[in-house]
Amino acid sequence: MHPIRKAVFPVAGRGTRFLPATKAVPKEMLPLVDRPLIGYAVEEALKSGIEELIFVTAPGKEAIVQHFTADQDLVRELDRTGKSALARAVENDTLPRERLHSTIQQQALGLGHAIWCARHLVGDEPFAVILPDDVVMSQRPCIGQLIEAYGRVGGNLAAVMDVPRQDTASYGILDIAEDNGKLARARGLVEKPRPDVAPSTLSIIGRYVLEPSIFAELDKKVTGAGGEIQITDAMAKSIVHTPFHGVRYEGIRFDCGKKEGFLEATVAFALNRPDLASTMEDILLSYTGKYRTAAE
Ligand code: G1P
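According to the numbering used here, the sequence shown is numbered sequentially starting from 88.
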């Protein structure tokens, strides 16, 4: 099995749901505590052995690549003034230029199209895809869990979770052929089906490992749900020659593409930080207290 060396990060979206915050700042640069969303996604990839990072971006979103570019003056200044923890945090989000690639998605034609835009940078090898909106808090990095499963079964894979039936219209959904509780092989996939027609409630979240043959499917530029070119459709069409497995990952996923999910992630990540946990608990307690008083 070919090793997974490259990860594609589709980051061209306009971030409409977070306007006006995202008018001048890319959505992926919004911070969870003190690190931008994209920082968590890149860390997950690096911890999983990914060597090259490919950003599919849009004009005006240069800050994303800039975030990972070395700033020795800043690091030196932080070290000189005794702020070495901050200096290390800055270095942590720095990558050698040759490991970073970016390409522009000229038109917002869908997630499948965004991934297709990376085809020349990916070349003829299997690769990972990480949607930074979906933040996964876990012991073992989520994309690493998929890469491990790829080593066992090959083909196309995505991380999956069970959702309430009323939510199927927000996700790619599996038509399950076989399910051992950890891995589910699909006979088909449907992008954002209505709850009454969804073939199951097993949903894709933003982590994929894909065979390069997916590009031949995406080349056809077939549009699906929402009039967009969907990666779900391309994986579904590929099933005749490339099996698709959903991986029930270990971890907690936060949908940071929505305000509610972003707020919850902020609380969860703060509670997970030794330097902030007790303060965050106090804050939460003080507010729940207030709500009780207000309701009484
Ligand atoms: C995309 C995919 C969908 C997947 C979801 C996970 O949708 O098209 O299949 O379930 O990401 O977050 P989006 O949320 O970008 O509309």
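Think of the CB as a built atom: it goes at the ideal place given N, C-alpha and C, for glycine as much as any other residue. All figures in this text were calculated on a predicted structure; none of them were measured in a lab.
Suppose you measure from the CA of residue i to the CA of residue j; what does that come to, to the nearest Å?
i: Leu-133; j: Asp-211; result: 21 Å
i: Pro-330; j: Arg-272; result: 7 Å
i: Glu-164; j: Leu-173; result: 10 Å
i: Pro-251; j: Thr-103; result: 25 Å
i: Pro-280; j: Tyr-258; result: 8 Å
i: Ile-125; j: Pro-219; result: 6 Å
i: Ile-202; j: Val-327; result: 21 Å
i: Ala-99; j: Ala-111; result: 14 Å
i: Arg-186; j: Gly-238; result: 23 Å
i: Phe-214; j: Phe-96; result: 11 Å
i: Ser-365; j: Glu-351; result: 17 Å
i: Leu-270; j: Glu-131; result: 21 Å
i: Asp-262; j: Gly-333; result: 10 Å
i: Asp-160; j: Arg-175; result: 13 Å
i: Thr-181; j: Thr-156; result: 5 Å
i: Gly-275; j: Val-222; result: 26 Å
i: Ile-37; j: Gly-376; result: The requested residue 37 does not occur in the structure, where the chain is confined to residues 88 to 383.
i: Arg-335; j: Thr-109; result: 32 Å
i: Leu-297; j: Ala-285; result: 24 Å
i: Ser-373; j: Met-88; result: 53 Å
i: Leu-358; j: Met-367; result: 6 Å
i: Gln-349; j: Ala-264; result: Looking at the sequence itself, residue 349 is Phe, so the reference to Gln does not match. Going from the Cα of Phe-349 to the Cα of Ala-264 covers about 34 Å.
i: Thr-144; j: Gln-192; result: 6 Å
i: Val-152; j: Phe-105; result: 21 Å
i: Ile-318; j: His-154; result: 27 Å
When DSSP builds the beta bridges, which residues end up paired with residue i?
i: Glu-187; result: Residue identity differs from the one stated: residue 187 is Leu in this sequence, not Glu. In the DSSP output, where bridge partners are listed per residue, Leu-187 has Leu-140.
i: Ser-290; result: Met-248 and Ile-260
i: Arg-335; result: Val-247
i: Ala-321; result: DSSP lists no partner for Ala-321.
i: Val-95; result: Ile-141 and Val-216
i: Glu-278; result: Gly-259
Helix or strand or just coil, what does DSSP make of residue i?
i: Asp-342; result: strand
i: Val-250; result: coil
i: His-154; result: helix
i: Ile-326; result: coil
i: Val-120; result: coil
i: Gly-314; result: helix
i: Glu-265; result: strand
i: His-207; result: helix
i: Asn-243; result: strand
i: Asp-221; result: strand
i: Val-177; result: helix
i: Glu-298; result: coil
i: Glu-130; result: helix
i: Ala-285; result: coil
i: Gly-100; result: coil
i: Leu-196; result: coil
i: Ala-273; result: strand
i: Val-354; result: helix
i: Lys-114; result: helix
i: Glu-149; result: coil
i: Thr-109; result: coil
Under 8 Å, with one C-beta from each stretch per pair, do the region 292 to 310 and the region 213 to 230 reach the 3-pair mark?
By the Cβ rule, the region 292 to 310 counts as touching the region 213 to 230, because three or more pairs are nearer than 8 Å.
What residues come near the ligand G1P, if near means a beta carbon less than 6 Å from any of its heavy atoms?
The set of residues whose C-beta lies within less than 6 Å of a heavy atom of the ligand G1P reads, in chain order, Leu-198, Leu-218, Asp-221, Tyr-258, Gly-259, Glu-278, Ser-290, Ile-291, Ile-292, Gly-293, Gln-317, Thr-319 and Gly-344.
Flag this pair as touching only if the region 308 to 325 and the region 189 to 203 have three or more C-beta atom pairs under 8 Å; answer yes or no.
Two segments are said to touch when three or more pairs of C-beta atoms, one from each, lie closer than 8 Å; by this definition the region 308 to 325 touches the region 189 to 203.
Looking at C-beta atoms only, is the number of pairs between the region 326 to 340 and the region 242 to 249 that lie closer than 8 Å three or more?
Here the region 326 to 340 makes contact with the region 242 to 249; the two share three or more CB pairs at distances below 8 Å.
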